[in-house]
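Peer 1:
Protein chains: 2
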Amino acid sequence: MAHDIRILTESELRGAVTLDLPLIDAIEAGFAALAGGAVVMPPVLSMALPQVHGEVDVKTAYVPGLEGFAIKVSPGFFDNPKRGLPSLNGLMVLLSATTGQVRAVFLDNGYLTDLRTAAAGAVAARHLAPPVVETLGILGTGVQARLQARAAHLVRPFANCILWGRDFAKASRCAEDIAKSTGAICRVAANPAEVLAASQLVVTTTPATVPLITPEMLHPGLHITAMGSDQAGKAEVAGAAFAAMDMAVCDDVAQCEAFGELRGARAAGYAGQPASLGQVVTGTAPGRISDGQVTLCDLTGTGVQDTAIASFVIGCLGDAGTVIRN
Amino acid sequence: MAHDIRILTESELRGAVTLDLPLIDAIEAGFAALAGGAVVMPPVLSMALPQVHGEVDVKTAYVPGLEGFAIKVSPGFFDNPKRGLPSLNGLMVLLSATTGQVRAVFLDNGYLTDLRTAAAGAVAARHLAPPVVETLGILGTGVQARLQARAAHLVRPFANCILWGRDFAKASRCAEDIAKSTGAICRVAANPAEVLAASQLVVTTTPATVPLITPEMLHPGLHITAMGSDQAGKAEVAGAAFAAMDMAVCDDVAQCEAFGELRGARAAGYAGQPASLGQVVTGTAPGRISDGQVTLCDLTGTGVQDTAIASFVIGCLGDAGTVIRN
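Residue numbers (the numbering used here), protein chains in the order written: chain L, 15 to 340; chain U, 15 to 340.
(1) Taking beta-carbon pairs under 7 Å, can you tell me which members of the region 21-49 of chain L lie near chain U?
(2) With DSSP as the reference, please indicate the residues paired to ARG339 of chain L in a beta bridge.
(3) For THR336 of chain U, return the contacting residues in chain L, with the cut-off set at a CB-CB distance below 9 Å.
(4) Report the option in U:GLN287, U:ILE41, U:ALA257, U:ARG277 whose CA atom is closest to the CA atom of THR316 of chain U.
(5) Under 7 Å between beta-carbons, which chain L residues line up against MET61 of chain U? List them in chain order, please.
(6) Can you name, in chain order, every residue of its own chain whose Cβ lies under 7 Å from the Cβ of THR220 of chain U, other than the five neighbours on each side?
(7) How would you list, in chain order, the residues of chain L whose beta-carbon sits under 7 Å from the beta-carbon of ASN94 of chain U?
(8) What is the DSSP secondary structure of ASP403 of chain L, counted as helix, strand or coil?
(9) Among the candidates L:ALA240, L:PHE182, L:GLY44, whose CA atom is the shortest distance from the CA of LYS248 of chain L?
(10) Helix, strand or coil: which one does DSSP assign to TYR125 of chain U?
(11) Quick check: what's the CA-CA separation for LEU168 of chain U versus VAL107 of chain U?
(12) Under three-state DSSP, which class holds PRO288 of chain U?
(13) Looking only at its own chain, which residues have a Cβ that is under 8 Å from the Cβ of PHE182 of chain L, when we skip the five neighbours before and after it?
(14) Would you mind reading off the limits of the alpha helix (DSSP H) that contains SER88 of chain L?
(15) Touch check for the region 20-35 of chain U and the region 322-336 of chain U: three-plus C-beta pairs under 8 Å?
(16) Measure the C-alpha to C-alpha separation of THR23 of chain L and ALA258 of chain U and round it to an integer number of angstroms.
(17) In chain U, which residues lie with their C-beta within 8 Å of the C-beta of ARG408 of chain L?
(18) Show which residues of chain L have a CB atom less than 9 Å away from the CB atom of GLN65 of chain U.
(19) Helix, strand or coil for ALA240 of chain L? Go by DSSP, reduced to three states.
(20) Within 8 Å (strictly less), CB to CB, does PRO300 of chain U reach chain L?
(21) Alpha carbon to alpha carbon, how far is GLY253 of chain U from ARG280 of chain U?
(22) Taking VAL58 of chain U as the reference, which of U:GLY179, U:ARG130, U:ALA268 has the closest Cα?
(23) For PRO212 of chain U versus GLY151 of chain U, is the C-beta spacing smaller than 8 Å?
(24) Which residues in the same chain as SER342 of chain U place their Cβ atom closer than 6 Å to its Cβ, once the five residues preceding and following it in sequence are excluded?
(25) Applying the 10 Å Cβ sphere with the 16-neighbour rule, what's the burial state of HIS141 of chain L?
(26) Does any C-beta atom of chain L lie closer than 8 Å to the C-beta of ILE176 of chain U?
(27) Grab the span of the alpha helix (DSSP H) containing LEU37 of chain U for me, first residue to last.
(28) Under 8 Å, CB to CB, which of the residues in the region 118-131 of chain L have a partner in chain U?
(29) When the Cα atoms are used, what is the spatial distance from VAL77 of chain L to MET61 of chain U?
(30) Per DSSP, which one or two residues make a beta bridge with GLU69 of chain L?
(31) Take VAL294 of chain U and list the residues in its own chain whose beta-carbon comes closer than 8 Å to its own, dropping the five residues that flank it on each side.
(32) Do the region 79-95 of chain L and the region 302-311 of chain L touch if we need at least three Cβ pairs shorter than 8 Å?
(33) Does the Cβ of GLU190 of chain U have 16 or more other Cβ atoms within 10 Å, making it buried, or fewer, making it exposed?
(34) Would you list the one or two residues that DSSP bridges to THR149 of chain U?
(35) Taking GLN307 of chain L and MET261 of chain L to be in contact with their CB atoms under 8 Å, please state how far apart those CB atoms are, rounded to whole angstroms.
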């Protein structure tokens, strides 16, 4: 029996969906469902292709109550910039959660992944950052540096932003972009320590393999969201700094033990049991309980975010896209 | 940088690709590559959804020398027939093996999976069945029963076919269809034992959970290809029958230990080390070496077949499909 499949290009998706509070709420609801225990989220299918300097990840999650679920394919081919192409691309497929039929193919080249990743940062900030954030700190100068700043501003409307990256010119451009998108006064710092000293909320968005944040940089009333590390070998927060937190929260504890900051913390002897972000969202684990706490949220990116954004997007499309009868 | 993505519907794919010797050769080349050791094939991503009587598998493989690789999404939702829909559907995405960019989306609803599964049966028959097959035996009455018969006929042009299924009416219709597609004289048997007694090549295509083939049914000069079991809990060949083979071959030994007939054989104490089908194809393991041998090929379905057929299909399309600039 033929049914319609909606195909959306990246530009159609950019026209239909942006980073806003309704999207953040949808991602937050996904984390809440994940904590409820009825979500089915298998381990990531991950294929390393060293022979072509590439990798492919496939993520999915079934979330009860949503009409569909996403299968998200994320290739990263790191010689692409030499060819004038972005390293990351890929697509999401939305399937019916009742029949398994394909409902939509989002040829997003990673745009929806960027949005749902930034939205998770906002969810973390909403529950874990101090109520008032005067200054946002950002480590990193890429797409996520910009998007995380926009996401944080939606839930903690900071007046100042301080940013560090290895490349000063890139950091300056990123600071300009964040100033434009948020209206904050932005400046570039000389090093990560300067960023942390000035900030109440710090988001790390780098591919660092040697930790940037060490214990002596921590101070009361600080929240850090570390979203750069998503595979073994990356680390933005030293194990000792992780262990020094008053509270550590993971998007998914098992994933963070394999791919996130928790991995390095475990290797350094940290034996604590972090709560999940969904537990914090649903109130089954505490969020920030005092102004002086030092808190961390370790984000590796979950299939539940992909299903949440794909389900959200389908309601934003109007008549955009190409419909194929199949 | 925008590039073109080709979208193909099931009917466009059915018009462009059929079960023939070039396709079988392409699948055989995939198995050969798999044995060569340079293929990257991660474990299947498998998501069971008991709450909706469904499951989703995702398979992939990178095959050096091919321009692309497939990510194949196979949902099975077993309440669909109550809704007038097929249980199986899904799609394949073909990505560039150089850049990771999406090249094509095949909305095949499982058609290409059906073809590549049947083609693997032909590869097994080519290397393991006796040179002359007078009579083909089939257990099962579904799509694969029909396709496996067509595939076998391309490499072992049998004159007779004997078929068994639990439902006599379905078995009769299947026998008629096989007679039409192959020209063979087809009849329905009373039980699996009758099928095995009459055949030199038997293909099992059932979802049996209690083995249909027991040791006393085996006879010299018999080859069995068991392709029905693709998850823990299914079994078509009793462990003792597997252990009694002169030679057992697996499409992928690790997968067959988890999902195939080898699983039951291991549970029954079988300690042998089957060759892979790719080793047989490349000659690094022997195929059939005498007329009297009793041989088995255990097929669970591999990502390398998906990449092989997706790469083959892209060369068959002419100008079929919808091109989307992304």
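Where a beta carbon is used, it is the ideal one built from N, C-alpha and C, also for glycine.
Peer 2: Inspection of the coordinates gives the following:
(1) ILE21, THR23, GLU24
(2) Position 325 of the first sequence, counted from the start, is the residue given in the question as residue 339 of chain L. Answer is L:ASP18.
(3) For this step, residue 336 of chain U is matched to residue 322 along the second sequence. Per Cβ cutoff of 9 Å: ILE21, THR336, ILE338.
(4) Residue 316 of chain U sits at position 302 when you count from the first residue of the second sequence. The candidate whose alpha carbon is nearest that of THR316 of chain U is U:ILE41.
(5) Indexing the second sequence from 1 puts residue 61 of chain U at position 47. The contacting residues are VAL54, PRO56, THR74, TYR76.
(6) Within the second sequence, numbered from 1, the residue matching residue 220 of chain U stands at position 206. So the qualifying residues of the chain are LEU153, GLY154, LEU226, GLY242, GLU250.
(7) Along the second sequence, one-based indexing puts residue 94 of chain U at 80. Here the neighbours are THR113.
(8) In the structure as shown, chain L starts at 15 and stops at 340, and residue 403 of chain L therefore has no counterpart that could be examined.
(9) Taking the first residue of the first sequence as 1, we reach residue 248 of chain L at position 234. Comparing Cα-Cα distances from LYS248 of chain L to each of L:ALA240, L:PHE182, L:GLY44, the minimum goes to L:ALA240.
(10) The residue you call residue 125 of chain U lines up with position 111 of the second sequence. In this structure, TYR125 of chain U counts as helix in the three-state DSSP scheme.
(11) Working through the second sequence from its first residue, we reach residue 168 of chain U at position 154. Working through the second sequence from its first residue, we reach residue 107 of chain U at position 93. Whole-angstrom Cα-Cα distance: 28 Å.
(12) Indexing the second sequence from 1 puts residue 288 of chain U at position 274. Note: PRO288 of chain U maps to coil in three-state DSSP.
(13) Here the question's residue 182 of chain L lines up with position 168 in the first sequence. Answer for PHE182 of chain L: VAL202, listed in chain order.
(14) Here residue 88 of chain L refers to the residue found at position 74 when the first sequence is read from its first residue. First-last for SER88 of chain L: 82-91, but that is the beta strand (DSSP E), not the alpha helix (DSSP H).
(15) yes
(16) Along the first sequence, read from residue 1 onward, the residue named residue 23 of chain L stands at position 9. Along the second sequence, read from residue 1 onward, the residue named residue 258 of chain U stands at position 244. Rounded to the nearest angstrom, the two C-alpha atoms are 55 Å apart.
(17) The question about residue 408 of chain L has no answer, for chain L in this structure spans 15 to 340.
(18) By 1-based counting over the second sequence, the position of residue 65 of chain U is 51. What GLN65 of chain U touches in chain L: ALA52, VAL54, TYR76, PRO78.
(19) The count along the first sequence starts at 1 and reaches residue 240 of chain L at position 226. Three-state DSSP puts ALA240 of chain L in a strand.
(20) If you number the second sequence from 1, residue 300 of chain U lands on position 286. It does not; no Cβ of chain L falls within 8 Å.
(21) Position 239 of the second sequence, counted from the start, is the residue given in the question as residue 253 of chain U. Position 266 of the second sequence, counted from the start, is the residue given in the question as residue 280 of chain U. If you take the alpha carbons of GLY253 of chain U and ARG280 of chain U, they lie about 7 Å apart.
(22) Taking the second sequence and counting its residues from 1, one reaches residue 58 of chain U at position 44. When each option's Cα is compared against that of VAL58 of chain U, the closest is U:ALA268.
(23) Translated into the one-based positions of the second sequence, residue 212 of chain U becomes position 198. Translated into the one-based positions of the second sequence, residue 151 of chain U becomes position 137. One detail in the question is off: residue 212 of chain U reads as Ala in this sequence, not Pro. Yes, Cβ-Cβ distance for ALA212 of chain U and GLY151 of chain U is below 8 Å.
(24) No information on residue 342 of chain U is available, as it lies outside the stretch 15 to 340 that chain U covers here.
(25) By 1-based counting over the first sequence, the position of residue 141 of chain L is 127. Buried, since its Cβ has 16 or more Cβ neighbours within 10 Å.
(26) The residue labelled residue 176 of chain U in the question sits at position 162 within the second sequence. Not an interface residue.
(27) Residue 37 of chain U sits at position 23 when you count from the first residue of the second sequence. From DSSP, the alpha helix (DSSP H) with LEU37 of chain U extends over 35-50.
(28) VAL119, LEU121, ASN123
(29) Against the first sequence, residue 77 of chain L aligns to sequence position 63. Against the second sequence, residue 61 of chain U aligns to sequence position 47. Distance between the alpha carbons of VAL77 of chain L and MET61 of chain U is about 12 Å.
(30) Translated into the one-based positions of the first sequence, residue 69 of chain L becomes position 55. In DSSP, GLU69 of chain L forms a bridge with L:ALA62, L:GLY90.
(31) For the purposes of this step, residue 294 of chain U is taken as residue 280 along the second sequence, with counting starting at 1. Cβ within range, chain order: HIS141, LEU142, VAL263, PRO300, GLY301.
(32) no
(33) Position 176 of the second sequence, counting from 1, holds the residue named residue 190 of chain U. With fewer than 16 Cβ atoms within 10 Å of its Cβ, GLU190 of chain U is classed as exposed.
(34) Here residue 149 of chain U refers to the residue found at position 135 of the second sequence. DSSP lists U:ASN174 as partners of THR149 of chain U.
(35) On the first sequence, residue 307 of chain L is found 293 positions in, with the first residue counted as 1. On the first sequence, residue 261 of chain L is found 247 positions in, with the first residue counted as 1. The pair is a contact, with the Cβ atoms about 6 Å apart (cut-off 8 Å).
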